[in-house]
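Engineer: Encoded as structure tokens, here's the structure I'll be asking about.
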């Protein structure tokens, strides 16, 4: 399971001028407020930056409107700001627009349109876009099914996520790396990175789901079922989606996956 949140931009795009330096300082203050969970303050700081044309701030403002952080959820307003950022080739914004089309948030659900936006982000090296595009190729959502194309994009995402771990072994990065390892058949590696992430934050259910999947697919069924038991409640829909993706990628494991789903009442 990949963490399902719209992607935030943590790098500003201001040129190095005296005025821009002050604006960049404001961006850093907004980013810090967001990380502390002070969403109203972050929104207050990001909004004027977005209006000046800063693409990262535009993306972040869109994310906050979509997630209802510091403001009431407003998908139309979210899409407005995400499109402004995407027009400036912000990969996170392109991936976020893909997610909104995929989920039907503020727009009609459109898998083909979602795939196109994910592709734009993926071509820029955005690992979330690469994973989502790979998943859609695996299941044939919005485009012709191609396991070869799926594997290509999923491997590219794994490379990017492994590289990120050299700089930051946070629970989010470890969880994302474990998911990419899982999707590319590196089950032992997926188990190791998931366990490392859970050691830092045991409350991350999405990482525990990755662990359970990897244990199941490498044959440790009983241990996998124990892990599923700790994290399945409230994540039934996500588990079903994961299982469909895994069955497409690993058809030889389809029976094992189907049995596990049946035992969980999914």
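In the numbering used here, the protein residues as written are 122 to 387. Idealized CB from N, CA, C, for every residue including glycine. None of these values were measured; they are calculated from a predicted model.
Would a C-beta distance cut-off of 8 Å place residue 328 and residue 302 closer than the cut-off?
Structural biologist: The answer is no: Cβ separation not under 8 Å.
Engineer: Taking the C-alpha atoms as reference points, what is the distance between residue 275 and residue 360?
Structural biologist: Each residue's Cα considered, the two are about 19 Å apart.
Engineer: To the nearest angstrom, report how far apart residue 182 and residue 212 are at their CA atoms.
Structural biologist: Going by the C-alpha atoms only, they are around 15 Å apart.
Engineer: Counting only the same chain and skipping the five closest in sequence on each side, list residues whose C-beta sits under 6 Å from that of residue 248.
Structural biologist: Excluding residues within five positions, the ones whose Cβ falls inside 6 Å are 278, 281 and 282.
Engineer: Quick one: is residue 332 buried, meaning 16 or more other Cβ sit within 10 Å of its Cβ, or exposed?
Structural biologist: So residue 332 counts as buried.
Engineer: Does DSSP put residue 371 in a helix, in a strand, or in coil?
Structural biologist: Correct three-state label for residue 371: coil.
Engineer: Just to confirm my understanding: we take residue 335, look at its own chain, exclude 5 residues before and 5 after, and list those with CB closer than 6 Å. What are they?
Structural biologist: Contacts found: 303, 308, 311 and 312.
Engineer: Below 7 Å CB to CB, which residues in the same chain sit around residue 195 once its five sequence neighbours on both sides are set aside?
Structural biologist: Only 186 meet the Cβ criterion.
Engineer: In the DSSP assignment, find the unbroken alpha helix (DSSP H) run with residue 205 in it and report its ends.
Structural biologist: Its alpha helix (DSSP H) spans residues 196 to 207.
Engineer: Kindly indicate which three-state DSSP category residue 307 falls into: helix, strand or coil?
Structural biologist: DSSP places residue 307 in coil when its eight states are reduced to three.
Engineer: Give me the Cβ distance between residue 203 and residue 180, rounded to the nearest whole Å; I'm assuming they're in contact under 8 Å.
Structural biologist: Yes, they are in contact, since the Cβ atoms of residue 203 and residue 180 sit about 6 Å apart, within 8 Å.
Engineer: Locate the alpha helix (DSSP H) running through residue 387, then write down its first and last residues.
Structural biologist: Counting along the chain, residue 387 falls outside any alpha helix (DSSP H), and DSSP gives it neither H nor E.
Engineer: Is residue 287 helix, strand or coil by DSSP?
Structural biologist: Residue 287 falls in the coil class under three-state DSSP.
Engineer: With 16 as the cutoff for other CB atoms within 10 Å, does residue 287 come out buried or exposed?
Structural biologist: Flag for residue 287 reads exposed.
Engineer: Mind checking residue 216: buried by the 16 CB within 10 Å criterion, or exposed?
Structural biologist: Under this definition residue 216 is a buried residue.
Engineer: Count the other CB atoms within 10 Å of the CB of residue 384; is the residue buried (16 or more) or exposed (fewer)?
Structural biologist: Classification of residue 384: exposed, given that the 10 Å Cβ count is below 16.
Engineer: Could you work out which residue in 372, 177 and 192 is closest to residue 159 when comparing CA atoms only?
Structural biologist: Residue 159 has its Cα closest to that of 192, out of 372, 177 and 192.
Engineer: Quick check on DSSP: helix, strand or coil for residue 156?
Structural biologist: Of the three classes helix, strand and coil, the one that applies to residue 156 here is helix, per DSSP.
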